[in-house]
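J.: Position 144 of the sequence shown, counted from 1, bears residue number 152 in this note's numbering, the numbering being contiguous throughout.
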Amino acid sequence: MISRVFRTAFAASLAFSAAFFTAPAAEAAGTSYESDECTSANNSYCFAMYYDSRGEQTWYSTSSCFVTNRSIPDHIGYSPNGAVLVRFVFNSGLMSNLYNTCRGGSGSGRELKNAAASASNAECSAHYRVYFSSSYGGLSQEFLPNCGDYWPADNLLTELKNDNASNARY
């Protein structure tokens with residue numbers, strides 16, 4: 009009798025384990041990755057966050073980037089319908105500009121949250137602020153408009169470098 013109860017409990021445990029460990033694979037199938045949240049033609053007027061620091065000689069950031077022209081409350085991404093996940097990542101080749109910013113492969117495919125080192129604002133009138141915490145909380149750094157120019161890029165403050173979770177457009 010005891011062995012029968014043990015076998016039943018063991019079988020139930022195996023069934024639970026199989027269901028538990030296959031769930032992430034099903035979730036991964038519903039995940040997409042986005043690096044371009046900017047609606048500007050050729051991404052000419054966007055806010056760019058770069059994976060690497062800017063060059064100390066050129067003041068350009070050429071590594072992979074994430075571009076946007078809206079506020080992002082959580083750099084991890086979002087779920088538009090509760091089933092699909094959209095994750096924000098760095099990518100290269102997102103801009104066709106004279107400065108060749110965002111062209112490097114360094115950081116390509118890496119998640120944006122807590123991984124940016126520098127940023128530049130090529131919008132004409134909108135300011136941006138990068139925050140330490142999600143939902144626009146904690147320490148922040150402002151990026152002034154530069155109207156179509158991604159130069160100069162600014163390194164994030166030491167406390168925000170690789171520790172940034174949201175950005176606001178205002």
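The beta-carbon is built from N, C-alpha and C at its ideal position, and this holds for glycine as well.
Does the contact criterion of 3 or more C-beta pairs under 8 Å hold for the region 138-145 versus the region 87-96?
T.: Touching, no, given that fewer than three Cβ pairs across the two stretches are closer than 8 Å.
J.: Just to confirm, is the Cβ distance from Tyr53 to Cys132 under 8 Å?
T.: Closer than 8 Å, so yes.
J.: With DSSP as the reference, identify every bridge partner of Ser148, one or two as the case may be.
T.: For Ser148, which the question treats as bridged, DSSP gives the partners Tyr139.
J.: Near Pro160, which residues of its chain fall below 6 Å by C-beta distance, leaving aside the five closest residues on each side in sequence?
T.: These residues qualify, in order along the chain: Trp67.
J.: Might you give, ordered along the chain, the residues of its own chain that have their beta carbon closer than 6 Å to the beta carbon of Asn4, omitting 5 neighbours on each side?
T.: Nothing about residue 4 can be reported from this structure: the residues present for the chain run from 9 to 178 only.
J.: By the three-class DSSP mapping on this structure, what secondary structure does Asn51 have?
T.: Residue state, collapsed to three classes: helix.
J.: Hey, Ser43 and Tyr58: beta-carbon distance below 8 Å or not?
T.: Contact flag unset, no.
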